[in-house]
Amino acid sequence: PSTCFRFRLAAVNEHGKSLYSDVVLFSTAGSPPTPPPAPTLAEAGTTWLRLVWSRRACDEEFKLEMDDRESGHGYQAVYHGNETGCLAQQLRHCTGYRFRLKAINEEGESHWSDEVNYKTLPSRPGAPARPVVKGKIHAKMFKIKWEPPIDRGGTDITNYTLELHSERGWNPVYSGSDTEFVCDRLNPGTTYQVRVRAESPGGKSEFSDPATITTEPVCPGACNAPRLHGKPRQTSLTLRWNYPEQDGGSPVTELELVVRGPTTASAQPTVPSSTPASPADRVAYKGRDTECTVGDLCPGTAYVFLLRAYNRIGHGPWSEPLDVKSGAAPPETPSPPLVSCVSSGVAHVEWTAPPGNGAPVSNYRLDMGSGEGEPLNIVYEGSSNNCDVKSIPPATVCHFRLQASNTAGWSLFSEPTQITTPPSVPGPLNLRKTSITPNSLTITWVEPANHGSPILHYVLETSDSSQPSITCDTTCTTLNGLSPHTTYRIKGRAVNEVGPGPWSTLLRAATLQLPPCPPRLECSNAPGHNHLKLKWGEGRNSQFTTFTVYMENPRNPNEKHVVYQGTNYSCKINKLQELTTYNFYITATNDAGQGPYSEAYSFTTCTAPPPPLKAPKISDIGIRSCVVEWSSARVLGSDPVHYTIQLSRIRDQDYKTVYRGSDTRTTLSDLEGGAEYTVRISPVRVRPDGDVCGSYSPPTVFSTLPLPVAEMSTSMITVKQSSPVHSTTKPFFWKNLSDQQMAGFIVLGLTALAVCAAAIMQYCFIH
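When you line the sequence shown up against full-length UniProt numbering, it's residues 1 to 767, in that order.
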């Protein structure tokens, strides 16, 4: 059945057999397919099953049905198509389902396959309910219990995981099948959170909502011993401490500090941490702060301090004791020091040591001040009982006072001792130059301190051999007769009845150089018609000499104005008139001043070229002629203006003059038909001393009309003047090939070159 056969026919008679006919195809009728194999399970999930089956040659479509026994609806179709697989969805977890398959083709449907049973996977259970406390909560333990989850995922719960949250985060504390657990080894008065999750073959559930549990508090732990902050003072000291590390689970409400001194001390100077303070101990502080200053102490006395903490449950044990000795007091006020002048500017000071008040005197400080109301400065600090004070100002009332110190601090200042120092030589001068010329120097200074004796005169020494020493009684002097541009060394000092003072710092002063001579003025390059470029030197101006160039007014020779001032060696003067002579002067200036004027230098500007014209206009363009028009140039003075026209093929770019005259219109003839030209025009200023040509105008591009037939000829351009009076005729010849002819010659040349190359290559290969 369902088989295709081919047939052909031939006829036979007494003369033989004929040829076969064309082949025809006929098929036998088909039959419905046989029952297919049962579908197989490819993959299973909690809410779906993936089934697959094989396709045979006779199978075209498939029909899959599923039976949910719990629903009671029997078999229902879940797939109908030509695929070899199906995904059954929206199933219940951990539930069995029956499946059967049928094959379909054009002849009909097969019988159902064998029934198969497949089961979905179990799902993970739901989250358990929040755990609860079972029994009483203790300081370091509590018992917790929980219920299994309502949704178990289709299977039994196999394990529970209990986690405890503390300062270090969530940590597992139990894993098993029980539903209660004792959490121990906890901290008192601490808040914990617990959560639980269930496990089954279907997976792990989410954690339950956490339960918050706080353990019962206890008394706080022992504090660390208080510590000394800063240096002990003679009647007080400052202590600092920290809260106990263990607060017992309840915040510390207050701290208690007791002090035990020599009047209340027991037989044992150090109290153990477990021994409470006696009722005679003095409570130094009670509160929540961590710092306290304990007063009413005796200097240099040993004390014991104890500390304990309180919370709402009670107080903790005493801390370890702190033994501290109060500090000593500063020394007594010393006696006034004894002062004697040893020499000029030097005084010897002595003193005696004051009582130390519990600590030996270790250091002294001597202050000195000069004059009434002046501040006192430290001139000595050390452990000796005497010293020499130097650099004391002369003829001055000086005050001395003394201060002593020990480990407790500095004493009060002693009563001041007053002395008057003897006069001394004057102070040094501060020379400065105020006026400098090429032949003189003026030196001034401020009168120095006379140090108790009036100044008699001043002495100056110079490096000038003609006047090595100068004596004067004023604070200003002038050195004359010096050489220009020369450096001199000068020093000075003041003299009083005690003697001459110290020499001043050496002053170096240089006289000015003489004003420079004017340089020679030249006109560099060719002069322009409206500018001149002047030059008076080469290289760099290392002396930074300033040059000033003056120009004489052509209308008023007595009037000069500055056209340049600077340090360059050249300048350019613009905005001048053509064919005009200008007179220039130059001077040079340096530190010595401005030099003399130079002689007059005369330079003349050249003739100005005519202004450029606009591009010419082309009209009446024919095959061999056209008309060129242009605007007239502006006339400069009385000189006539002529015009020069140049013509060029665009291909050649070789301009040739085809017209020169004074008209503003001309006709160009004998042009080549169908060619492109450019034409430009230049004005020419006609002068007796020579023509001056202006710049060419922008070129104008035009094309002649094409020829009616192709022809080669020698072209001649004849320029005809429009004015019969000024017209001039100038022939202009050239011989050129047309573009088509040039292309033909190029093709012929390349062809000949290719033939020669082929012949040479053939000859080389044969021979």
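By construction, the Cβ of each residue, glycine as well, lies at the ideal position given by its N, Cα and C atoms. These figures come from a predicted structure and were not determined experimentally.
Check                                                                                                                                                                                              : Outcome
Only counting runs of 3 or more residues, tell me where the beta strand (DSSP E) segments fall wholly within the UniProt domain "Fibronectin type-III" (333-424), in order along the chain.        : 338-343, 346-350, 363-370, 377-382, 386-389, 397-406 and 417-420
Let me confirm a value: residue 71 is counted as buried when at least 16 other C-beta atoms fall within 10 Å, else exposed. Which label applies?                                                   : exposed
Which partner residues of residue 603 appear in the DSSP bridge assignment?                                                                                                                        : 582
For the beta strand (DSSP E) that residue 660 lies in, which residues bound it at each end?                                                                                                        : 656-661
Nearest to residue 659 by CA position, among 578, 643 and 418, is which residue?                                                                                                                   : 643
Contact defined as beta carbons within less than 8 Å: I believe residue 42 pairs with residue 50. What is the distance between those atoms, to the nearest angstrom?                               : 5 Å
Round the Cβ separation of residue 496 and residue 430 to the nearest angstrom and send it over; I've been treating them as touching at under 8 Å.                                                 : That pair is no contact at about 17 Å.
Helix or strand or just coil, what does DSSP make of residue 784?                                                                                                                                  : With the chain running from 1 to 767 in the structure shown, residue 784 is simply not present.
Return the Cβ separation of residue 300 and residue 325 in integer angstroms, given the expectation that the two are a contact with Cβ distance under 8 Å.                                         : 7 Å
Could you tell me if residue 394 is buried or exposed, where buried requires 16 or more neighbouring beta carbons within 10 angstroms of its beta carbon?                                          : buried
For residue 117, which beta-bridge partners are listed by DSSP?                                                                                                                                    : 98
Where does the unbroken beta strand (DSSP E) through residue 206 begin, and where does it stop?                                                                                                    : Here residue 206 belongs to no beta strand (DSSP E), and DSSP marks it neither H nor E.
Considering only residues of the same chain and omitting the five flanking positions on each side of residue 157, which have a CB-CB separation below 8 Å?                                         : 125, 148, 149, 177, 198, 199 and 200
Considering Cα atoms alone, identify which of 445, 365, 355 and 398 is closest to residue 373.                                                                                                     : 398
Helix, strand or coil for residue 569? Go by DSSP, reduced to three states.                                                                                                                        : coil
What is the DSSP secondary structure of residue 686, counted as helix, strand or coil?                                                                                                             : coil
By Cβ distance, which residues of its chain are closer than 8 Å to residue 466, with the 5 residues on each side in sequence left out?                                                             : 481
Using 8 Å as the threshold, is the C-beta distance between residue 309 and residue 228 below it?                                                                                                   : no
Assign residue 759 to buried or exposed, taking buried as 16 or more other Cβ atoms, counted over all protein chains shown, within 10 Å of its Cβ.                                                 : exposed
Is residue 7 helix, strand or coil by DSSP?                                                                                                                                                        : strand
Is the beta carbon of residue 391 less than 8 Å from the beta carbon of residue 345?                                                                                                               : yes
Between the alpha carbons of residue 425 and residue 504, how many angstroms are there, rounded?                                                                                                   : 13 Å
Give me whichever residues DSSP pairs with residue 498 in a beta bridge.                                                                                                                           : Paired residues: none, contrary to the question.
Taking C-alpha atoms, which residue in 132, 45, 624 and 531 lies nearest to residue 574?                                                                                                           : 531
May I ask which residues mark the beginning and end of the beta strand (DSSP E) holding residue 459?                                                                                               : 455-462
When the Cα atoms are used, what is the spatial distance from residue 756 to residue 764?                                                                                                          : 12 Å
I need the straight-line Cα distance from residue 546 to residue 433, nearest angstrom please.                                                                                                     : 25 Å
Evaluate contact between the region 633-652 and the region 597-612, counting only Cβ atoms and requiring at least three cross-stretch pairs below 8 Å.                                             : yes
Of all the options 138, 207, 175 and 221, which has the alpha carbon lying nearest to the alpha carbon of residue 185?                                                                             : 138
Please go through the same chain and pick out, in chain order, the residues whose beta-carbon is closer than 8 Å to the beta-carbon of residue 680, but skip the five residues on each side of it. : 615, 616, 645, 646, 655, 696, 697, 698, 699 and 700
Give the DSSP bridge partners of residue 543, in chain order.                                                                                                                                      : DSSP lists no partner for residue 543.
Taking the straight line between their C-alpha atoms, what separation do you get for residue 306 and residue 226?                                                                                  : 7 Å
With DSSP collapsed to three states, give me the class of residue 294.                                                                                                                             : strand
Which class does residue 513 belong to by DSSP, given the choice of helix, strand or coil?                                                                                                         : coil
Which partner residues of residue 305 appear in the DSSP bridge assignment?                                                                                                                        : 259 and 322
Going by other Cβ atoms of all chains shown within 10 Å of its Cβ, with 16 needed for buried, is residue 360 buried or exposed?                                                                    : exposed
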